[in-house]
Amino acid sequence: MTLSVVLITYNHAESIRQTLESIFMQKTNFRFELIIANDHSTDNTDEVIQNILSETPSNIEVKYCNHEQNKGVNNNFIWAIKQCKGKYLAFCEGDDYWTTSDKLQTQVDFMEANTDYAMCFHKVEDEKQRVVENIENREYKDSEIFNNFLVQLAGVVCKNDFSEEDFKILESKDIHFIDLVFFLILANKGKVRGLSQKMSFYRYEQNSITNNKKSINFYIKQLNHLRFLSKIFNGKYAVYNKNRIKLQAYKIFRYYVMKGNIQAIKYLRIYLKR
Numbered sequence: 012m013t014l015s016v017v018l019i020t021y022n023h024a025e026s027i028r029q030t031l032e033s034i035f036m037q038k039t040n041f042r043f044e045l046i047i048a049n050d051h052s053t054d055n056t057d058e059v060i061q062n063i064l065s066e067t068p069s070n071i072e073v074k075y076c077n078h079e080q081n082k083g084v085n086n087n088f089i090w091a092i093k094q095c096k097g098k099y100l101a102f103c104e105g106d107d108y109w110t111t112s113d114k115l116q117t118q119v120d121f122m123e124a125n126t127d128y129a130m131c132f133h134k135v136e137d138e139k140q141r142v143v144e145n146i147e148n149r150e151y152k153d154s155e156i157f158n159n160f161l162v163q164l165a166g167v168v169c170k171n172d173f174s175e176e177d178f179k180i181l182e183s184k185d186i187h188f189i190d191l192v193f194f195l196i197l198a199n200k201g202k203v204r205g206l207s208q209k210m211s212f213y214r215y216e217q218n219s220i221t222n223n224k225k226s227i228n229f230y231i232k233q234l235n236h237l238r239f240l241s242k243i244f245n246g247k248y249a250v251y252n253k254n255r256i257k258l259q260a261y262k263i264f265r266y267y268v269m270k271g272n273i274q275a276i277k278y279l280r281i282y283l284k285r
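Put into structure tokens, the structure is as follows:
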């Protein structure tokens with residue numbers, strides 16, 4: 012199998028049809044599989060999916076799972092990747108969609124012609140018609156991906172070559188934003204290429220991690236995430252994270268001071284650590 016498309020979804024009844032239609036419209040010279048992982052949606056996402064599956068083109072093999080229990084975003088993402096048989100992976104979450112019919116062919120052609128690359132990604136537009144990041148046609152370093160949050164999952168095609176150690180990293184409970192960790196794993200396996208074409212659309216869901224109202228639990232999770240990033244890959248990203256960790260620790264310290272909570276001491280120590 013040349014390619015597997017990973018579609019994770021939870022309560023996307025209003026948008027999942029457009030997502031699937033954008034996958035079904037792909038024009039490729041290869042067959043590909045579509046892995047749909049419905050994380051026990053509580054709306055009628057399952058019904059919408061079931062209704063549109065009859066429209067699946069003949070060059071796409073669909074594997075659909077509606078989980079009996081909610082796994083959570085990260086675990087659902089990992090589960091879906093482990094089901095994939097394709098040489099390459101592409102991604103389209105249930106609230107995003109692709110905007111050109113040659114997206115998959117364009118990216119697979121690049122990967123086939125450039126075997127030293129582990130991943131390529133392209134420009135993504137959001138619902139306000141803004142380009143999320145201005146991606147150039149060039150190689151990107153892992154430090155750029157780490158520091159600038161350049162990559163949107165809907166714009167990625169990558170090699171499907173993950174070890175048990177890779178999954179061990181992804182399964183860490185300290186990960187808050189799994190996308191970035193996933194991209195860093197790939198960037199440490201091979202080169203990463205940016206493509207200037209705009210071929211996907213990204214929605215800001217009200218209940219998404221990146222759009223949630225910030226609470227103290229959010230900042231604690233973010234701090235744990237940053238400290239985890241500083242440890243993986245032999246600590247190569249620690250130098251970029253020092254000030255970020257201090258900032259998060261200080262925010263949490265101030266919160267607990269205002270509450271008169273002894274937990275403030277713990278975060279003061281993290282803030283003062285060199």
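Residue numbering for the sequence shown follows our numbering, beginning at 12 and increasing consecutively.
Every residue, glycine too, gets a C-beta built ideally from N, C-alpha and C.
The model shown is predicted, which means the values in this text are computed figures rather than measured ones.
Looking from the CA of N171, the closest CA among P68, I256, K200, Y230 belongs to K200.
Following the DSSP letters along the chain, one finds H236 inside the alpha helix (DSSP H) bounded by residues 227-240.
Contact check for T13 against F41 passes: the beta carbons are separated by less than 8 Å. A check of alpha carbon separations from L181 across S226, C103, N87 identifies N87 as the nearest.
Using a Cβ distance threshold of 8 Å, D57 and I19 do not count as a contacting pair. Between the alpha carbons of N85 and I276 lies a distance of about 31 Å.
Here W109 is bridged, per DSSP, to S211. Each residue's CA atom was taken as its position, placing N235 and K253 some 13 Å apart.
Under the three-state reduction of DSSP, S65 is assigned to helix.
The beta carbon of H187 is closer than 6 Å to those of K232, Q233, H236 in its chain, skipping five residues each way along the sequence.
Note on G83: under 16 other CB atoms within 10 angstroms of its CB, so exposed under the neighbour-count rule.
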